[in-house]
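Each protein sequence line maps, in turn, to chains B and V.
Going by my numbering, the residue at position 381 of the first sequence is 381; the numbering climbs one at a time, nothing skipped.
So the mapping is simple: my numbering equals the position in the second sequence, first residue as 1, plus 1000.
These notes concern the structure reproduced below.
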Amino acid sequence: MTAATMTPSRPGATAARDSFTNLLRAEWTKLRTVRGWVIAIVIAALLTILLGVWTGAKSQNGCPGGPCHWVLPTGPGGEAVTDTFYFVHRPLAPHGSITAEVTSLSGVIETALTPQGPARTEPAVVPWSKAGLIVTASGRPGSAYAAVMVTGRHGAAMQWNYGDTAGLPGAVSAASPRWLRLIRAGDVITGYDSADGARWARIGTVTLPGLASTVQAGLFVTSPPDSVTTSSGITGSSGSGDPTDATAAFNRVSLRGGGPGGAAWTGTAVSGGNSPFETGSEHGYRQANGTFVVTGTGDIAPDVTDGTPIDDSLAGMFIGLIAVVVVGALFITAEYRRGLIRVTLAASPRRSRVLAAKAVVLGTVTFAAGLAGAAGAILIGTPLLRANGNTIYPVTTLTEVRVIAGTAALVAVAAIFALGVGTILRSGAGAVTVIITAIILPYLLAAGFPVLPAGAADWLLRVTPAAGFAIKQTIPQYQQVSASYTPFQGYFPLEPWAGFAVLCGYAAVALVLAAFLLHRRDA
Amino acid sequence: MRYALHAEWTKLRTLASTFWLLLAAAALTVAVGAAVAAAASCPAGHCAEDPAKISLTGIYLGQAVVAGMAVMVISAEYGTGMIRLTLAAMPGRISVLAAKAAILTGLVLVTGAVAVTASLLAGRLTLPGHGIGPARGYPALSVADGPVLRAATGSVLYLTLIALLSLGAAAALREAAAAIGGVLGLLYLFPIIATVAGSPDLARHLQQAGPMTAGLAIQATTSLSSLPISPWAGLGVTAAWTAGALLLGGLVFCLRDA
């Protein structure tokens, strides 16, 4: 043996052998040279895209006889809104106010609807029936507005541009009327309420940027459908609710600072959104002896029932997730099986660094695959859904990026979780069973195929790793809109990033335990 | 064949993990069923709850453990190289697979029977306290009741079919992690994909085709007309998947070098 053959092939190779970069390279080589794993990861991405395309191509939604393209009105913030109410209005100048006393709010719920009309009506006021004063840029659905109102069961409130602030509590009646006032000063609108018309309390002040000099101000009444949730059984049915309408009496209506266009009150049924708020009663208003009696139906609120969220294209992610979890578990358990782990640990005795290198390589590769899959599914599937007549909830670019990148991160974290559990159990089948039953099964039971009561479903999506699927939620819950916010309808109990953090927490705990056991146990 | 059965029984019996996995499958089935029964409530008295189905919810989780155990019956031999010894000793590969299937069937039938009985017992004790009991007109959870007996025996048979399906998949794929991933994907993904199928008809067809969605129709005792598929026909779909997996697994097992 000559001295030349003893020389390291590269200067400094001995010193660098234990460097993290080399570890990463070693793990990358291990991953990319197993043909089955590479095929599995590529197929995971492709199937995610394909299923998104399939969903978009299959889903036909439209009017009888062919697709019809509904467009949801969007509010000033770009969110889908439903704007349907009866509006008795006059023009309002840049500086002015409107005041009225609401002395009653009543309503009816229409049950057992038939094509000929409701079979039964019963008097009842739904919690978010609204009657009050509104200043709106144009009166068209989706225009900027500010309103003060009395509600069925949520007291007095001020709402503007689809947000909500509470005012005086309690229901309204002739014995306990509510005085309401809106004062406009340019773009700034302030809402007040009062129990007696003498002592006024400010509920809120809002700025509606770019308000025209003449706007419409007046009285409005609206009443959303009675929210009924039925969810049970193998098909997981759900119902939206029965139509309602509301009638309110306004006394001592006064408008100061009327704009050009007349001093007469005009009644308009504002209508927007997909749901025809069917009702048997007449919309409209009567005016006698200074009292306005206004009847209306609908809602002024973000729309949460009429559209399809963009994450409907992402169902293929679950297939990709299983493939990636199998690869993640095998990435370590195959080493135990073949005995390669002893070579690996002999070459790099600092064991947690081996695990870290594996996690980095696996996470990067699966994130890239997840990104390709999610981006493909959403960017191809969503336009197809739209072309087939589905109304897609508009989302901001930031939300779309969050859903795509978040799904990719979800896939990567699940793979790392599988790596951690695989290290702990040293059995590929065990790790895959644990991960799939911990991530996909709770989601399935709670959201995909509701066999659980709603409370248990919410709880599962808070405490199990399936909470991570919250990252793909795009439509928030609004406390001022009654709807069935169940996991089956796509609403998660946790905020997107909070849910994702739960999954990350599980993965982190698994990795720490894996590192500890890797040190403690002989390989 | 008798020797093959004896050999396979010895192999499974002497593995500590067999006992623990079967115990875990039964315990998880009962625990989940009892937890869901404790969470269920019907205060108003007319909700579409199905007491048998609620009590047997644990099967959704239990089947995953059973599938994992069934996969190991054959994949573990590939992992350790034991399979070459097995096939050298018993060259008739069909009888090896048949012996494994027979032993597995026996073990899962017993485990399933224990788990299902205990789950129904837990439901019977818990559910009446939550407004879902004979006092409100729901069927009592007793095996003397025809539909409940169907749900109980059907669930045990379902677990057995899933075990055999996993055995077939493992014989075809050899690698344990891939086989269990494939089986659980087959079980859990059909209903998830059905939710985004768009048209209700397509969703229904997907639920009729999925081995889990169709097979677990056997657990229903009320409102059978709203099921995507009738109980026994649904179990037949699962049996067809199992037969297909066993055929494929057997074919690959016979044609391939170990």
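All residues carry an ideal CB built from backbone N, CA and C; glycine is no exception.
Comparing C-alpha distances from Ala-44(B) to each of Ile-424(B), Ala-415(B) and Ala-457(B) shows the shortest one belongs to Ala-415(B). Looking at the DSSP output, Tyr-86(B) shares a beta bridge with Val-221(B) and Ala-269(B). Counting other Cβ atoms within 10 Å of its Cβ, Leu-445(B) reaches 16 or more and is therefore classed as buried. Rounded to whole angstroms, the separation of the alpha carbons of Gly-170(B) and Ala-212(B) is 35 Å. Contact between the segment 1182 to 1191 of chain V and the segment 1074 to 1087 of chain V is not established, with fewer than three Cβ pairs separated by less than 8 Å. For Met-1082(V), the closest Cβ of chain B is not nearer than 8 Å. Residues of chain B whose Cβ lies closer than 8 Å to the Cβ of Ile-1059(V) do not exist; the shortest such Cβ separation is about 10 Å. Per DSSP, the continuous alpha helix (DSSP H) segment holding Gly-1068(V) begins and ends at 1059 to 1080.
Contact annotation, Ala-201(B) with Asp-193(B): C-beta distance approximately 6 Å; criterion of less than 8 Å satisfied. In the structure shown, the three-state DSSP call for Trp-160(B) is strand. Secondary structure note for Phe-1253(V): its alpha helix (DSSP H) is the uninterrupted segment 1231 to 1255.
At a C-beta separation below 7 Å, Thr-364(B) has no neighbours in chain V, since its nearest C-beta there lies roughly 21 Å away. The alpha-carbon separation between Thr-21(B) and Val-401(B) amounts to approximately 30 Å. The residues Ala-166, Gly-167, Leu-168, Pro-169 and Gly-170, in chain order, have a CB closer than 7 Å to that of Gly-155(B) in the same chain once the five nearest residues on each side in sequence are set aside. Taking 8 Å as the cut-off, the Cβ atoms of Gly-96(B) and Arg-256(B) count as close.
In this structure, Ala-470(B) lies near Pro-496(B), with their beta-carbon atoms less than 8 Å apart.
If the five residues before and after Ala-40(B) are omitted, its C-beta is found closer than 7 Å to the C-beta atoms of Ala-323, Val-326 and Val-327, all from its own chain and listed in chain order. Per DSSP, the unbroken alpha helix (DSSP H) holding Asn-22(B) starts and ends at 20 to 32. At a cut-off of 8 Å between C-beta atoms, Leu-330(B) counts as an interface residue with respect to chain V. In the assembly as shown, Ile-203(B) is a buried residue. Its beta-carbon has 16 or more other beta-carbons within 10 Å.
Residue environment for Asn-289(B): exposed (fewer than 16 other C-beta atoms within 10 angstroms of its C-beta). Counting the other Cβ atoms within 10 Å of the Cβ of Glu-122(B) gives fewer than 16, which makes it exposed. Sorting Met-1069(V), Leu-1251(V) and Ile-1083(V) by C-alpha distance to the C-alpha of Ala-1026(V) places Met-1069(V) at the top. Within 7 Å of the CB of Leu-1085(V), no CB atom of chain B is found; the nearest one sits about 17 Å away. Excluding sequence positions up to five before and after Leu-46(B), its CB lies within less than 8 Å of the CB of Gly-373, all in the same chain and listed in chain order. Taking a C-beta distance under 8 Å as the contact criterion, Leu-1149(V) and Val-1156(V) do not qualify as a contact pair.
Among the residues facing chain B, Val-1036(V) is included, as its CB has a counterpart in that chain under 8 Å away. Residues of chain V whose Cβ lies closer than 7 Å to the Cβ of Asp-312(B) are, in chain order, Val-1196. In the DSSP annotation of this structure, Arg-426(B) is not part of any beta strand (DSSP E), being labelled neither H nor E. Per the coordinates, the alpha-carbon of Pro-453(B) lies some 43 Å from the alpha-carbon of Val-1252(V).
Gly-259(B) places its beta carbon less than 8 Å from that of Ala-93(B).
Less than 8 Å divides the Cβ of Ala-1179(V) from the Cβ of Val-1071(V). For the 8 Å CB-CB criterion, Ala-1102(V) and Leu-1005(V) form a contact. Bridge partners of Val-206(B) according to DSSP: Ile-189(B). Residue burial annotation: Asp-311(B) is buried, with at least 16 other C-beta atoms found within 10 angstroms of its C-beta.
Using a Cβ distance threshold of 8 Å, Val-421(B) and Trp-28(B) do not count as a contacting pair.
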